[in-house]
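Start counting the first sequence at 9; every next residue gets the next number (this note's numbering). Glycine included, C-beta positions come from ideal geometry on N, C-alpha and C. Since we're looking at a predicted model, the values are computed, not measured. Structure record follows, encoded as structure tokens.
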Amino acid sequence: MDDFAQWYHAVVRKADMADESPVRGCMIIKPYGYALWEAIQRGVDERIKLTGHENLYFPLFIPMSFLQKEAQHVEGFAPELAVVTVGGGEELVEPLAVRPTSETIIGHTYAKWVQSYRDLPLLYNQWANVVRWEKRTRPFLRTSEFLWQEGHTVHRTEEEAEAETLKILDDVYADFAEKELAIPVIKGRKTESEKFAGALRSYSMEAMMGDGKALQAGTSHNLGQNFARAFDIQFLDADGTRKFAWTTSWGVSTRLIGAVIMVHGDETGLKMPPRVAPIQVVIVPIWRKDEERAQVAAAVDAVERDLRAAGLRVRSDWREQTPGYKFNDWELRGVPLRLEIGPKDVQKDQAVLVRRDTRAKEFVARGDLVSRARALLDEIQQALYDAALAFRKQRTYQAQTFDELAARMADRANLGFVEAWWCGDAQCEAEVKAKTQATIRCLPFERSTGESSGTCVYCGKDAQEWAIFAKAY
RNA sequence: CGGGGUAUAGCGCAGUCUGGUCAGCGCGCCUGCUUUGGGAGCAGGAGGUCCCCGGUUCGAAUCCGGGUACCCCGACCA
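Take a look at the structure:
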């Protein structure tokens with residue numbers, strides 16, 4: 009794991025998650041990777057709906073003029089736009105941008121849908137692909153085209169919009185990341201320089217990867233009235249006056265797949281969190297002679313049926329390779345539980361269960377298999393979370409001075425998060441970034457300090473902001 | 001967009017300096033037999049625009065010129 013970047017690429021390829029595409033910066037998501045994405049979609053979509061939102065779909069193409077209506081927004085996205093100028097062999101009167109995100113086209117439409125305070129709130133979400141022309145890409149972490157969901161809501165008051173923004177971060181994103189992906193996250197507010205182009209305030213959940221770098225795993229933005237003003241989203245309030253609405257937007261993407269890989273993986277390969285694992289239990293049959301194969305096959309079929317009936321995602325591997333090959337192969341793919349059945353097991357009416365995370369092996373009586381498998385999957389889910397949290401704690405430091413901060417960021421082998429006071433000045437933030445490559449990932453809601461103020465890690469002046477500095481993906 | 005590097009079989013590479021048995025190796029793939037509780041063995045086999053264009057030469061993967069693509073480092077990254 010010395011070269012984390014190399015390890016990451018190798019795992020993505022060997023675990024059969026993705027393939028390279030003929031188009032620069034784009035990727036082909038293969039079935040095993042896409043199955044993980046589908047599990048992510050299920051978990052996130054369920055929570056989005058439980059919090060009162062509905063799905064809809066907006067077009068891929070956005071008139072260029074729309075993007076230009078919000079000054080900061082266009083400034084933020086202009087460099088990475090893909091633009092269509094020809095359609096049907098003819099030059100377009102107005103070029104169409106391939107959506108980098110849909111605030112503008114949705115804002116344009118919401119202006120028509122919102123007339124009265126009785127129309128509010130509007131709580132919609134879409135699952136879509138977006139395109140951002142990136143200079144440097146990495147599978148799942150940053151690709152020119154990626155899949156995501158983007159929620160876009162409209163509210164009557166600032167308080168309501170703020171509450172929505174935070175609810176998504178807490179009840180949808182962080183809840184999903186921690187309970188399903190077994191990834192502990194730090195929730196917090198983005199600084200002015202790190203916030204979404206056009207937002208009033210941005211919030212994010214940050215996770216620590218296996219190399220100590222931070223990954224923004226989900227963001228939620230209170231857009232204030234910026235887009236409402238740009239697109240004229242107004243409503244007649246109960247008091248008879250016309251007011252600009254308050255909007256929010258929020259998203260998680262296929263980047264979460266990269267997070268799963270980088271948080272849980274080890275020298276052997278992936279470790280899929282059981283709750284989202286495309287395959288939770290893989291059955292490897294073992295036999296020598298033909299009559300053994302027949303007996304083993306009967307046992308495997310019966311076990312497979314039972315596990316499936318219990319709601320588990322199971323696959324039996326009848327490929328011609330040797331058992332040893334299959335063990336390694338499924339460990340590389342991160343399947344949480346392996347179940348072996350051979351002639352000896354058939355005779356004893358048992359099976360062998362092996363955990364991917366600890367490789368602990370146990371013999372389980374045929375009748376106890378389902379309950380034992382379930383229990384082990386729960387244990388693995390918890391163990392992955394615990395290990396990730398322990399790692400993050402071990403790699404989280406505090407710094408009083410810039411020298412301490414810089415030293416931490418220079419220590420590659422022990423890279424991690426550094427917590428420190430910050431005066432709030434963007435200049436200090438920029439200087440730290442220029443000198444150490446570390447950025448303020450967020451101003452965490454939960455502070456690991458009892459003090460309410462201190463001195464800025466860079467300039468030494470009075471500081472009220474407790475910040476998390478880290479190198480980021 | 002700056003600095004460096006690479007391009008030869010599906011993947012990873014050798015060969016290039018010094019032009020001529022250099023179209024090669026490992027893995028993978030196909031066929032057969034033997035195997036199978038931690039990455040099997042043997043035998044046979046398929047697979048190439050040596051990135052592209054042009055030049056030098058009797059002869060170019062190899063030398064020269066131009067182009068393209070990709071990788072690494074930096075800058076950028078809502």
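Taken through DSSP and simplified to helix, strand or coil, residue 264 comes out as helix. In this structure, residue 423 sits near residue 221, with a CB-CB distance shorter than 9 Å. Taking the Cα positions, residue 461 is about 27 Å away from residue 399. By the Cβ neighbour-count rule, residue 234 is buried, with 16 or more other Cβ atoms within 10 Å of its own. Taking residue 47 as the centre and dropping the five residues before and after it, the same chain places the C-beta of 284 closer than 6 Å to its C-beta, in chain order. Residues 292, 325 of the same chain have their beta carbon placed closer than 6 Å to that of residue 334, with the five preceding and five following residues left out of the count.
Nearest in C-alpha terms to residue 91, of all of 73, 80, 14, is 73. Burial check for residue 201: the Cβ neighbour count within 10 Å stays below 16, so the residue is exposed. Our two residues, residue 14 and residue 420, have alpha carbons roughly 15 Å apart in a direct line. Here residue 212 carries a strand assignment [DSSP, helix/strand/coil]. If the five residues before and after residue 144 are omitted, its C-beta is found closer than 8 Å to the C-beta atoms of 150, all from its own chain and listed in chain order. If you check the CB distance, residue 386 and residue 373 do not come in under 9 Å. Every unbroken stretch of the beta strand (DSSP E) spanning 3 or more residues and falling wholly within the segment 293-341 is given here in chain order: 322-324.
Residue 362 is a Cβ neighbour of residue 345, given a cutoff of 9 Å.
Its Cα nearest to that of residue 354, the residue 299 stands out among 81, 244, 299, 430. Ranking 110, 89, 104 by CA distance to the CA of residue 95 puts 104 first. According to the DSSP assignment, residue 115 belongs to no beta strand (DSSP E) but to the alpha helix (DSSP H) extending over 111-121. Considering only 238, 155, 274, the residue with the shortest C-alpha distance to residue 20 is 274. When the beta-carbon positions are compared, residue 134 and residue 65 come within less than 9 Å of each other.
When the alpha-carbon of residue 62 is set against those of 54, 120, 437, the nearest one is in 54. For a cut-off of 8 Å, the C-beta gap from residue 259 to residue 159 is around 7 Å, short enough to register as a contact. A straight line joining the alpha-carbon of residue 204 with that of residue 231 spans about 9 Å.
Per DSSP, residue 19 is one residue of the alpha helix (DSSP H) stretching across 12-22. Looking only at 206, 164, 196, 278, the smallest Cα-Cα distance to residue 249 is reached by 164.
Residue 307 holds the alpha-carbon nearest to the alpha-carbon of residue 351 among 342, 307, 377. In the three-state reduction of the DSSP assignment, residue 141 falls in the coil class, being assigned neither a helical nor a strand state. Straight across, the Cα-Cα distance linking residue 450 with residue 174 is about 14 Å. Taking C-alpha positions only, residue 473 is separated from residue 247 by approximately 38 Å. Put simply, the backbone Cα of residue 310 is about 24 Å away from that of residue 388. At least 9 Å separates the beta-carbon of residue 271 from that of residue 343. Collapsing the DSSP output to three states places residue 157 in a strand.
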